Each structure stands twice: as C-alpha cells, then as structure tokens.
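Report on one structure; see the data block that follows.
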Amino acid sequence: MATTAGGRFVAHPSSKIGYVSLNVSDISQSLEFYESVLGFKVLGRQSSAGDRALLSVDNNTAHLLELRKAAKKEGAEQQKRAGLYHFAILLPERKFLADALAFLGRETRGQVHFDGMADHSVSESVYIRDPDFNGIEIYRDRSRSEWQVTSSRQIKMVTERLDTEGLLAQATAAGWKGMPAGTTIGHVHLHVRDLGRAMQFYSQILGLGLTFTFPGAYFFAAGGYHHHVATNTWLGQNISAAALPEEAVVGLNHFAIKVPDEKEELGRAASNLLRHGVLVSQEQNSATGRDPDGITVKLYR
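The following block contains the structure:
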C-alpha cells in the first residue's frame, strides 16, 4: 500500500516502469531493428488509427515497448528539448548481457550505433541507439547485497570501465536468442530543464525516493531500487519543453509506471497528482499527467 512519510506521499514499493512509448519516423524500419536485432516479439500492429506496434519478449507477456508513427521527421539527436536521454532494458542474468554484447559487437556488422559501455557498481551496461537515435541502455543488475551505500545513505553509482573481457567470458554457447523471459524496462533517464522541479514532481508528487545525486543528475526509485527514473540537465537549462504526445515528434511519446493491481493504489497516486495541481486524464485503469517539463507520465494497473 502507498504510504505517507512525514506527510509526503510514498509510491508503493512494487511500482516499476511498465513500458515506454516511442514516436518513430518509420515503423517498418524500427520493427526491423527491435525485432531482428534486439530480439523483441511483435504482439500486434494497428494501422487504423495511426500506425502503432506493441512489442514484448513473448506472446504471454504484456508489452514493454510501443512504437507510434511520428508526424515529424525530426531526428532525436537534433532535438534540444526535454525528453528521453535513454530507456533501459533490464536483462535477468549476466549471461544474457554477455550474449547480447557478443551479438551486437560481432554479428550486426556495424548496423548498430554504440554509445559506450560502463560499470555502474550496481549494474553493468551497454549503450546503443535505435534508427531514430533514441538512446537505449541494455543492462543487468548486480545482487542488492553487492550494492554499496554512501555516507549520505544514497545508493552508490559510478561510471567506470566495463570489464568486457570478463563479461564476454560469460557468453553461452547458444548465443543471443532474443530478449529472454524476465526482461523488463528497468528505468528511464530524462533530459529536464530544472532538477529542483524534477525533484518536486518525481519525489514529492509521484512519491519516488531520491536514491542518488550526481553532478547535473538526480535518480529516483520505488522500493529501494537504484533508480526507476533519472533526470539530468546535461543539455542545459534553456532547452524547450517536451513535445506533446499529439505532436508526434520523433522521440519519447510517454512512459508508463505500473502500480499494483489494486484500484485504491492508482486512486491514491492520481489524487496526489491532482492535489498538487497536475492536470490528470483519468480512465478506469490509468491516470496520465505531465511533469514540469511537459514529459507525459502514465500510471496504470
């Protein structure tokens, strides 16, 4: 159950990122990338009300990605606006990250744009871009027993060189077979204009805990995770607000936080948004609002 701490709304500890919705310039091109390269499965494609596709790890798992046809062919790398820095695909075991890295590095023959690799202490990560230059992190978590806590009681996260040799040594003989069962969207990382306002929204209003601070970046999570949402001002504070979903600009359409499947949990969260003056669009199983930078956030059960 969501609780209060000193009068502050606290998100249910089981809350997590459910899915990410992207506007893409060419649905077929993006499906080729997400299906053939990354190994997602297409759950369905709708063309009646605008081209849209849903992807997951298999036919029995709720969608993790939604692809929508963009109306504007503005490359994500050209946007100086609030929005997506990257979304992160969390793999259930290290061996799967090893298989993914081996496949991406050796078998895609330069088709994938690599942004880098890093050891973050709590996790190991590989960073790539999709055809529209949307940032993607593919990572695996270390056990929580291995996470370190700083003197200020924050979860310690660093950016250090990834031991690629040690990681690749864990690759399996079978190799990469697509997204394995248990894969989720672990977190989203956002470009914002003001960290203080982001803190107010994601911590005070959505009820996520502040887990770590880094120069120009804040990290937030429910249930003691290292982060479900990160925000940064690395593009500067004079960038434009996020495009509205209906503008259908290439990049993030919205992201969704899944709350426990209990009506009262969604109701409490929606009520807290309204209490703080956030305009909320409510349906039976969801509530949608926008953060101070215009980024659309959906809560659903």
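Using full-length UniProt numbering, read the sequence shown as starting at 1 and increasing by one per residue.
For every residue, glycine included, the Cβ atom is placed at its ideal position computed from N, Cα and C.
Here the structure is a predicted model, which means the values were calculated and not measured.
Bridge-paired residues (DSSP) for residue 127: Counted from its first residue, the sequence shown places residue 127 at position 127. For residue 127, which the question treats as bridged, DSSP gives the partners 116, 137.
Less than 8 angstroms between the CB atoms is what I'm expecting for residue 39 and residue 178, so what's the real figure, rounded? As a first step, residue 39 is located in the sequence shown; it is residue number 39 there, counting from the start. As a first step, residue 178 is located in the sequence shown; it is residue number 178 there, counting from the start. With 8 angstroms as the limit, residue 39 and residue 178 qualify as a contact, their Cβ atoms being about 3 angstroms apart.
Endpoints, beta strand (DSSP E) assigned at residue 21: Numbered from its first residue, the sequence shown carries residue 21 at position 21. Segment 16-24, the beta strand (DSSP E) holding residue 21.
Taking its Cβ as the centre, do 16 or more other Cβ atoms sit within 10 Å of residue 214, making it buried, or is it exposed? Within the sequence shown, the letter at position 214 stands for residue 214. By the 10 Å Cβ count, residue 214 comes out exposed.
Assess, as a yes-or-no matter, whether the segment 79-87 is touched by the segment 178-191 under the definition of 3 or more beta carbon pairs within less than 8 angstroms. yes
Do you know offhand how far residue 118's Cα is from residue 229's? Start at 1 with the first residue of the sequence shown, and residue 118 comes out as number 118. Start at 1 with the first residue of the sequence shown, and residue 229 comes out as number 229. Cα to Cα, residue 118 sits roughly 18 angstroms from residue 229.
Tell me whether residue 267 sits in a helix, a strand or coil according to DSSP, three-state version. In the sequence shown, residue 267 corresponds to position 267, counting from 1. It is helical.
For residue 99, which of 171, 258, 289 has the nearest alpha-carbon? In the sequence shown, residue 99 corresponds to position 99, counting from 1. Ranking the options by Cα distance to residue 99, first place goes to 171.
What separation, rounded to the nearest whole angstrom, lies between the Cα atoms of residue 15 and residue 235? For the purposes of this step, residue 15 is taken as the residue at position 15 of the sequence shown. For the purposes of this step, residue 235 is taken as the residue at position 235 of the sequence shown. If you take the alpha carbons of residue 15 and residue 235, they lie about 29 angstroms apart.
Indicate whether residue 270 and residue 282 have their beta-carbon atoms separated by less than 8 angstroms. The sequence position of residue 270 within the sequence shown is 270, counting from 1. The sequence position of residue 282 within the sequence shown is 282, counting from 1. Yes, these two residues count as a Cβ contact at 8 angstroms.
Extent of the continuous alpha helix (DSSP H) to which residue 95 belongs: Residue numbering aside, residue 95 sits at position 95 when the sequence shown is read from its first letter. Taken as a continuous stretch (DSSP letters only), the alpha helix (DSSP H) holding residue 95 covers 94-106.
List the residues that DSSP assigns as beta-bridge partners of residue 281. As a working note, residue 281 is residue 281 in the sequence shown. Residue 281 is bridged to 288.
Shortest alpha-carbon distance to residue 101 belongs to which of 231, 139, 47? On the sequence shown, residue 101 is found 101 positions in, with the first residue counted as 1. Residue 101 has its Cα closest to that of 139, out of 231, 139, 47.
Taking the continuous alpha helix (DSSP H) assigned at residue 165, which residues delimit it? As a first step, residue 165 is located in the sequence shown; it is residue number 165 there, counting from the start. Here the alpha helix (DSSP H) through residue 165 covers 164-168.
Within 10 angstroms of the Cβ of residue 169, are there 16 or more other Cβ atoms? Answer buried if so, exposed if not. Walking along the sequence shown from the start, residue 169 turns up at place 169. Residue 169 comes out exposed.
Alpha helix (DSSP H) containing residue 196: first to last residue? Reading the sequence shown from its first residue, position 196 is the one you call residue 196. 195-199 is the span of the alpha helix (DSSP H), which, as asked, contains residue 196.
What residue does the beta strand (DSSP E) around residue 185 start on, and which one ends it? Here residue 185 refers to the residue found at position 185 when the sequence shown is read from its first residue. Segment 184-191, the beta strand (DSSP E) holding residue 185.
CA nearest to the CA of residue 123, picked from 133, 89, 115, 207: Translated into positions along the sequence shown, residue 123 becomes position 123. Measuring from the Cα of residue 123, the nearest candidate turns out to be 89.
According to DSSP, which residues form a beta bridge with residue 257? Residue 257 sits at position 257 when you count from the first residue of the sequence shown. Per DSSP, 17, 299.
For residue 65 versus residue 104, is the C-beta distance shorter than 8 angstroms? Taking the first residue of the sequence shown as 1, we reach residue 65 at position 65. Taking the first residue of the sequence shown as 1, we reach residue 104 at position 104. No, Cβ-Cβ distance for residue 65 and residue 104 is not below 8 angstroms.
Residue 289 burial status per 10 Å Cβ neighbour count (16 or more: buried): As a position in the sequence shown, residue 289 is number 289, starting the count at 1. Under this definition residue 289 is a buried residue.
If we count the other Cβ atoms within 10 Å of its Cβ and call it buried at 16 or more, is residue 112 buried or exposed? Locating residue 112 in the sequence shown gives position 112, where the first residue counts as 1. Buried, by the Cβ-count rule.
Less than 6 angstroms between C-beta atoms, sequence neighbours within five positions excluded: which residues of the same chain meet that for residue 231? Within the sequence shown, residue 231 is the residue found at index 231, counting from 1. The answer, listed in chain order, is 190, 192, 198, 218.
Using 8 angstroms as the threshold, is the C-beta distance between residue 201 and residue 209 below it? Against the sequence shown, residue 201 aligns to sequence position 201. Against the sequence shown, residue 209 aligns to sequence position 209. Not a contact, by the Cβ cut-off of 8 angstroms.
Neighbour-count burial assignment, residue 55, 16 or more Cβ in a 10 Å radius: Walking along the sequence shown from the start, residue 55 turns up at place 55. Residue 55 is buried by the Cβ-count criterion.
So, using beta-carbon positions, are residue 58 and residue 181 closer together than 8 angstroms? Indexing the sequence shown from 1 puts residue 58 at position 58. Indexing the sequence shown from 1 puts residue 181 at position 181. Cβ atoms of residue 58 and residue 181: closer than 8 angstroms.
Buried or exposed: residue 130, going by 16 or more other Cβ atoms within 10 Å of its Cβ? The residue given as residue 130 occupies position 130 in the sequence shown. By the neighbour-count rule (16 or more Cβ atoms within 10 Å), residue 130 is buried.
Compare the C-alpha of residue 8 against each of 286, 268, 292 and name the closest. Residue mapping note: residue 8 aligns to position 8 of the sequence shown, counting from 1. Closest option to residue 8, Cα to Cα, is 268.
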